[in-house]
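Participant: The opening position of the sequence shown corresponds to residue 495 in the working numbering, with each subsequent residue numbered one higher.
Glycine included, C-beta positions come from ideal geometry on N, C-alpha and C.
A quick note: this is a predicted structure, and the numbers were derived from the prediction, not measured.
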Amino acid sequence: MNIYKIITRVIKKIRNEGLLKTLMDLISYLYDHYYDIKYKIDTYSWVSKQDLTAEDKIAEHASCYQATKVLPLRNLLKKMNIPKGKVLVDIGSGKGRVLLIASEFGFKEVRGIELSSKLCSIANKNITNFKSRVNTNTLFEVINIDATQYNFKDDEYVFFMYNPFDEFILKKVLNNILISIKRQNRPILIVYAYPVNRGVIEEIMNIKKVTNYKIWNGEYTVFEI
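(1) Where does THR622 fall in DSSP's three states?
(2) Leaving out five residues before and five after ALA641 in sequence, what residues of the same chain have Cβ atoms less than 6 Å from its Cβ?
(3) Please determine if the segment 679-690 and the segment 636-655 are in contact, where contact requires at least 3 C-beta pairs separated by less than 8 Å.
(4) I believe ARG605 touches ASP648 by the beta-carbon criterion, under 8 Å. Please report the beta-carbon distance rounded to the nearest angstrom.
(5) For ASN706, which of helix, strand or coil comes out of DSSP?
(6) In whole angstroms, what is the alpha-carbon distance linking ASN657 and ASN691?
(7) Report the three-state DSSP secondary structure of GLY693 (helix, strand or coil).
(8) Compute the Euclidean distance between the alpha carbons of ASN670 and ILE508, then round it to the nearest angstrom.
(9) Looking at the unbroken alpha helix (DSSP H) that takes in ILE637, where does it start and where does it end?
(10) As a quick exercise: from GLU713, PRO689, ILE719, pick the residue whose alpha carbon is nearest that of GLU702.
(11) Quick check: what's the CA-CA separation for ASN569 versus GLU713?
(12) I'd like the span of the alpha helix (DSSP H) that includes THR715, first residue to last.
(13) Beta strand (DSSP E) containing TYR686: first to last residue?
(14) As a quick exercise: from ILE501, GLY579, ILE639, GLY590, pick the residue whose alpha carbon is nearest that of SER539.
(15) Mark ILE531 as exposed unless 16 or more other C-beta atoms lie within 10 angstroms of its C-beta, in which case mark it buried.
(16) Output the distance between the C-alpha atoms of ILE505 and LYS602, rounded to the nearest integer angstrom.
(17) Per DSSP, GLY579 is paired with what?
(18) Taking the Cβ atom as the reference point for each residue, do ILE695 and PHE717 lie within a distance shorter than 7 Å?
(19) Residues bridged to ASN604 by DSSP?
(20) So for TYR656, helix, strand or coil by DSSP?
(21) From SER522 to TYR528, what does the alpha carbon distance come to, in whole angstroms?
(22) Assign SER626 to buried or exposed, taking buried as 16 or more other Cβ atoms, counted over all protein chains shown, within 10 Å of its Cβ.
(23) Please state the DSSP three-state secondary structure of TYR528.
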């Protein structure tokens with residue numbers, strides 16, 4: 495993309511969304527790249543839905559891979575003040591960025607559930623590179639599985655989703671989480687980034703509290719179950 499096209503896109507974005515929002519998006523965009531460079535990882539670049547669908551038919555219900563932005567997620571986890579020693583699961587974990595960021599906040603273990611073997615391979619490489627540069631006690635696990643087939647474990651407390659799939663898959667995943675809760679009664683948190691299908695969660699889960707956050711132009715809904 496040449497400089498003229500870049501300038502044209504920026505001007506259009508300022509006109510449509512305002513200067514402040516545009517500047518915040520630009521800073522967040524640059525910081526995402528800085529994060530990858532700092533830890534010598536690859537979490538930013540997109541993977542199309544077509545590439546994911548080529549691996550497995552069920553992936554037709556998935557969205558394209560797009561990483562959760564670093565600055566909004568870090569700020570969200572600071573605000574949530576989750577007790578140390580908990581377990582986080584990222585459903586649709588992609589290249590593992592959420593797992594890496596979560597490890598900064600005292601989680602005992604972070605688990606990623608990802609259908610794409612290609613993305614799992616990249617995630618494991620990212621974790622290796624990250625751990626070679628960061629002193630962390632957090633345990634990492636990337637599980638190459640269809641999210642509807644994963645048996646949620648009884649120690650899992652935070653369930654993170656960045657709009658990874660459509661309502662069809664989301665309903666199955668939520669029902670599997672319910673099975674785990676019934677087996678081991680416990681409070682949990684569902685953190686839903688860009689919650690386009692939040693109505694499905696509100697329909698299926700017994701929600702005690704809902705908190706909405708808008709941080710660095712990122713939208714998050716936290717459901718306390």
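Facilitator: By the coordinates alone:
(1) Here the question's residue 622 lines up with position 128 in the sequence shown. The answer is helix: DSSP assigns THR622 an H, G or I state.
(2) Mapped onto the sequence shown, residue 641 falls at position 147. Correct list, in chain order: ILE585, ILE607, VAL667.
(3) Taking a cut-off of 8 Å for Cβ pairs, the segment 679-690 and the segment 636-655 touch, as three or more such pairs fall below it.
(4) In the sequence shown, the residue the question calls residue 605 occupies position 111. In the sequence shown, the residue the question calls residue 648 occupies position 154. Between the beta-carbon of ARG605 and that of ASP648 there is about 13 Å, and that puts the pair past the 8 Å contact cut.
(5) By 1-based counting over the sequence shown, the position of residue 706 is 212. Correct three-state label for ASN706: strand.
(6) The residue you call residue 657 lines up with position 163 of the sequence shown. The residue you call residue 691 lines up with position 197 of the sequence shown. Spanning the two alpha carbons is a distance of roughly 8 Å.
(7) By one-based count along the sequence shown, residue 693 stands at place 199. If DSSP states are grouped into helix, strand and coil, GLY693 belongs with the helices.
(8) Your numbering for residue 670 matches position 176 in the sequence shown. Your numbering for residue 508 matches position 14 in the sequence shown. Their backbone Cα atoms lie some 43 Å apart in a straight line.
(9) In the sequence shown, residue 637 corresponds to position 143, counting from 1. From DSSP, ILE637 is part of no alpha helix (DSSP H) but of the beta strand (DSSP E) over 633-638.
(10) Numbered from its first residue, the sequence shown carries residue 702 at position 208. Looking at the sequence shown, residue 702 is not Glu but Lys. Ranking the options by Cα distance to LYS702, first place goes to ILE719.
(11) Counted from its first residue, the sequence shown places residue 569 at position 75. Counted from its first residue, the sequence shown places residue 713 at position 219. When rounded, the distance between both Cα atoms is 12 Å.
(12) Counted from its first residue, the sequence shown places residue 715 at position 221. It is not in any alpha helix (DSSP H) - THR715 instead sits in the beta strand (DSSP E) that spans 712-718.
(13) For the purposes of this step, residue 686 is identified with residue 192 of the sequence shown, where counting begins at 1. Under the DSSP assignment, TYR686 falls in the beta strand (DSSP E) whose first and last residues are 683-687.
(14) Numbered from its first residue, the sequence shown carries residue 539 at position 45. Answer by Cα proximity: GLY590.
(15) If you number the sequence shown from 1, residue 531 lands on position 37. Result: exposed.
(16) Here residue 505 refers to the residue found at position 11 of the sequence shown. Here residue 602 refers to the residue found at position 108 of the sequence shown. Near 45 Å, if we compare the C-alpha coordinates of LYS602 and ILE505.
(17) Locating residue 579 in the sequence shown gives position 85, where the first residue counts as 1. Looking at the DSSP output, GLY579 bridges to nothing.
(18) Along the sequence shown, one-based indexing puts residue 695 at 201. Along the sequence shown, one-based indexing puts residue 717 at 223. Their beta carbons are under 7 Å apart, which means ILE695 touches PHE717 by this criterion.
(19) Working through the sequence shown from its first residue, we reach residue 604 at position 110. It is worth fixing the name first, because residue 604 is Val in this sequence and not Asn. In the DSSP output, where bridge partners are listed per residue, VAL604 has LEU582, PHE634.
(20) One-based indexing of the sequence shown puts residue 656 at position 162. TYR656: coil per DSSP, three-state reduction.
(21) Translated into positions along the sequence shown, residue 522 becomes position 28. Translated into positions along the sequence shown, residue 528 becomes position 34. Cα to Cα, SER522 sits roughly 10 Å from TYR528.
(22) If you number the sequence shown from 1, residue 626 lands on position 132. The residue in question, SER626, is exposed, as its Cβ has fewer than 16 Cβ neighbours within 10 Å.
(23) Numbered from its first residue, the sequence shown carries residue 528 at position 34. TYR528 carries a helical assignment under DSSP once its states are collapsed to helix, strand and coil.
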